[in-house]
Amino acid sequence: MGWLSTSMLASLLATGSASLLASLLAPLLVTSLASSAIAAAAEPAPEAATTSTQKSLVTARKWMVSSANSLASEVGRQVLRDGGSAVDAAIAMQLVLALVEPQSSGLGGGAFIVSYDAKRRRISTIDGRETAPAAVTPQLFMKDGKPLGFADAVNSGLSVGVPGVLRALALAHQRQGRLPWSRLLHPAIRIAEEGFAVSPRLNAQIKGNQHLAAQAAAREYFYPQDQPAPIGYVLKNPALAEVLRRIAVEGVDAFYHGDIARDMVQAVSAHARPGALSTQDLAEYRAIEREPVCSRYRQYQLCGMGPPSSGPIAVMQMLGMLQQHDIATMQPGSREAVHYFAEAGRLAFADRERYVADPAFINVPVAAMLDSRYLLWRGALIDGRQSMGVAQAGDPLGLLKQRGESGAMDQPSTTHLVAIDAQGNAVSMTSTIESEFGSKIFVRGFFLNNQLTDFSLSPTDARGQPVANRVEPRKRPRSSMAPIIVLEDDQPHLLIGSPGGSSIILYVAKTLIGVLDWQRDIQQAITLPNMGSRNRDTELEQGSALESLQQALRQSGHRVSIAPSPSGVHAIMIKPDGLFGGADPRREGIALGD
Ligand code: GLU
156 MGWLSTSMLA
166 SLLATGSASL
176 LASLLAPLLV
186 TSLASSAIAA
196 AAEPAPEAAT
206 TSTQKSLVTA
216 RKWMVSSANS
226 LASEVGRQVL
236 RDGGSAVDAA
246 IAMQLVLALV
256 EPQSSGLGGG
266 AFIVSYDAKR
276 RRISTIDGRE
286 TAPAAVTPQL
296 FMKDGKPLGF
306 ADAVNSGLSV
316 GVPGVLRALA
326 LAHQRQGRLP
336 WSRLLHPAIR
346 IAEEGFAVSP
356 RLNAQIKGNQ
366 HLAAQAAARE
376 YFYPQDQPAP
386 IGYVLKNPAL
396 AEVLRRIAVE
406 GVDAFYHGDI
416 ARDMVQAVSA
426 HARPGALSTQ
436 DLAEYRAIER
446 EPVCSRYRQY
456 QLCGMGPPSS
466 GPIAVMQMLG
476 MLQQHDIATM
486 QPGSREAVHY
496 FAEAGRLAFA
506 DRERYVADPA
516 FINVPVAAML
526 DSRYLLWRGA
536 LIDGRQSMGV
546 AQAGDPLGLL
556 KQRGESGAMD
566 QPSTTHLVAI
576 DAQGNAVSMT
586 STIESEFGSK
596 IFVRGFFLNN
606 QLTDFSLSPT
616 DARGQPVANR
626 VEPRKRPRSS
636 MAPIIVLEDD
646 QPHLLIGSPG
656 GSSIILYVAK
666 TLIGVLDWQR
676 DIQQAITLPN
686 MGSRNRDTEL
696 EQGSALESLQ
706 QALRQSGHRV
716 SIAPSPSGVH
726 AIMIKPDGLF
736 GGADPRREGI
746 ALGD
């Protein structure tokens, strides 16, 4: 290993040479393993998970993908080279990500897919959100009249929702797939069998997660020779390869019925805090095609996933409120820009907490929340000099009195990918198992999600009002994921989204303003420091130039906190002179195209 330093390893991984790296390392690691030298393999820098690497704008003419991992992006580009559609590329990338970025998404999770059909000139959305089992009650996370501790709720069978990602992918393939389904699974099967090199980020997350090792099946896979798998260690996942083979041949029914479904149910009910997932819940799961939520911003039309996601609505509200303050004229990184952006975030989050939940259970006043007069009025509440501190929800449809305030938390894991094909079909998809490694329940090579902790753990708020986003049987938890396609003259102009829990809303809004208002290229816009408020503190990205604004912001009444902001924005801009791809320097992703 001496010839390959830690920084070279990191840069090979960051620059998209993971497959090269895997092949370089495989024989070495087999040798070092044989001599029990795992601990001697390259040690990661402890800050590896958050360190930013410089990334450059990627350009192409014909097609492009951008995702959180170079192996996934390579597979996606190959699918496009083989004549596959954007949806085909997204499917193949997602299945590779399930393997190589298992902390973020996978077969046991859920996803939202926003796609543009170039022939029909139409945006459609597919909701593959996890669903609460039929046997849950609103008291799911309550014990002795109090909500469970968040970690206890997450790391349990209680938090496992019925996985939706595979049904969503199958439905997308039915609508907009071009290559045969089984062709799209083969790359993930091959890499699962041959192995992939553990990335610095995955290594840091294995090392940093105390709950992972507590689950026997996860420990066995992620702790070869009882140590967290080191950077560059070649992990093989034959159990996942077998599940994928079955799905390649039999379709996704192989997952939702039969022995794989039984194994998931068994793992959830065998947990020390068992959940209610049943084989019937799995058999009955359906992905839902929904109308996109769209709104205008300047000359653009933004379209994204509607409820149960709150993400695109909140992003659109923020932009709608900022429009009257002409953020385009403010200097990025100035006190003024951070102030207005944070205040708009407060107002959007106040509405989000009251109104957004699964639309099958509650009236979500989407049109009223995005009405331009309402947003004009809301935006006028922003005082240029002084922070409002905590924003109150508006009442766009006379519902405020009946709605409790949600206290749902979410944790930054998740993944976002984008693709555009030769015909101009496009996909923007965010996929998740919720927390890092989900519920930590590892079955047949994949994690089961903990998505039900995206519900409010308590069914009522402090005043006893029922919370819209409370747990109910067969309900989908509210999300913050914000896969969006921006159109200009009815053509895709930008494909964008991010992981990051509820901060997704701020990450995506900042990047959109960076491109649409501040005229940055997509890579520069992604790289701009993260900032904003979720109606709590005003958050500034740790280590960024924004830290110098603390004093000035405090003087205008902001309670400031400095924290890491691990966004993972992957995006593609479509312009007359070509395709321009960006990947977030805070994670390991890469854009690739031809
Ligand atoms: N579960 C979150 C949501 O759906 C996403 C979590 C994350 O981004 O890490 O909003």
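According to this note's numbering, the sequence shown is numbered sequentially starting from 156.
No residue lacks a Cβ here, since even glycine has one placed at the ideal position from N, Cα and C.
In this structure, residue 635 lies near residue 469, with their beta-carbon atoms less than 9 Å apart.
Assigned with DSSP and collapsed to three states, residue 686 falls in strand. In this structure, the CA atom of residue 667 is about 40 Å from the CA atom of residue 374. For the pair residue 455 and residue 346, the Cα-to-Cα distance works out to about 40 Å. Residue 725 carries a strand assignment under DSSP once its states are collapsed to helix, strand and coil.
Collapsing the DSSP output to three states places residue 735 in a strand. Residue 358 and residue 224 have their alpha carbons spaced roughly 14 Å apart. In terms of Cβ geometry, residue 545 and residue 497 do not form a close pair [threshold 9 Å]. Contact annotation: the region 461-480 touches the region 516-525, with at least three C-beta pairs closer than 8 Å. For residue 387, the closest alpha carbon among the candidates 378, 700, 417, 353 is that of 353. Excluding five sequence positions before and after residue 363, none of the CB atoms of its chain fall closer than 6 Å to its own CB. With respect to residue 247, residue 340 sits close: the two C-beta atoms are nearer than 9 Å.
The residue among 709, 629, 381, 355 with its C-alpha nearest the C-alpha of residue 437 is 629. Residue 288 counts as buried, since at least 16 other C-beta atoms from the protein chains shown sit within 10 angstroms of its C-beta. The nearest non-hydrogen atom of the ligand GLU is less than 8 Å from the C-beta of residue 590. A direct Cα-to-Cα measurement between residue 568 and residue 593 gives close to 9 Å. Remark: the C-beta of residue 460 is outside contact range of the ligand GLU, defined as less than 8 Å to any heavy atom. With distances taken between CA atoms, residue 391 lies nearest to 348 out of 744, 402, 348. In this structure the region 592-611 touches the region 314-331; the number of beta carbon pairs closer than 8 Å is three or more. Between residue 720 and residue 542, the C-beta gap is not smaller than 9 Å, which leaves the two residues out of contact. DSSP places residue 694 in no alpha helix (DSSP H) but in the uninterrupted beta strand (DSSP E) bounded by 693-696. In the DSSP secondary-structure assignment, residue 559 is bridged to 622.
The criterion of a C-beta distance shorter than 9 Å is not satisfied by residue 574 and residue 213. Judged by the Cβ position, residue 636 qualifies as a neighbour of the ligand GLU at the 8 Å threshold, a heavy atom of the ligand being closer than this.
Taking C-beta atoms under 8 Å as the contact rule, residue 537 and residue 499 qualify, at a distance of about 7 Å. Residue burial is scored here from C-beta neighbours: residue 365 has fewer than 16 other C-beta atoms within 10 angstroms and is therefore classed as exposed.
Distance from the CA atom of residue 730 to the CA atom of residue 637, rounded to whole angstroms, is 22 Å.
A Cβ-Cβ distance of about 5 Å is found for the pair residue 268 and residue 327, placing them in contact under the 8 Å criterion.
Using a Cβ distance threshold of 9 Å, residue 260 and residue 583 do not count as a contacting pair. The way I'd put it, the region 514-522 doesn't touch the region 724-739; fewer than three beta-carbon pairs between them come closer than 8 Å.
Between residue 471 and residue 381, the alpha-carbon positions lie close to 47 Å from each other. Nearest to residue 696 by alpha-carbon distance, out of 741, 303, 671, is 741.
The DSSP-derived three-state label of residue 432 is coil. Boundaries of the beta strand (DSSP E) harbouring residue 282: 277-283, taken from the DSSP string. Distances from the CB of residue 587 to the heavy atoms of the ligand GLU include at least one below 8 Å. Residue 446 sits in coil when the DSSP states are folded into three classes, being neither helix nor strand.
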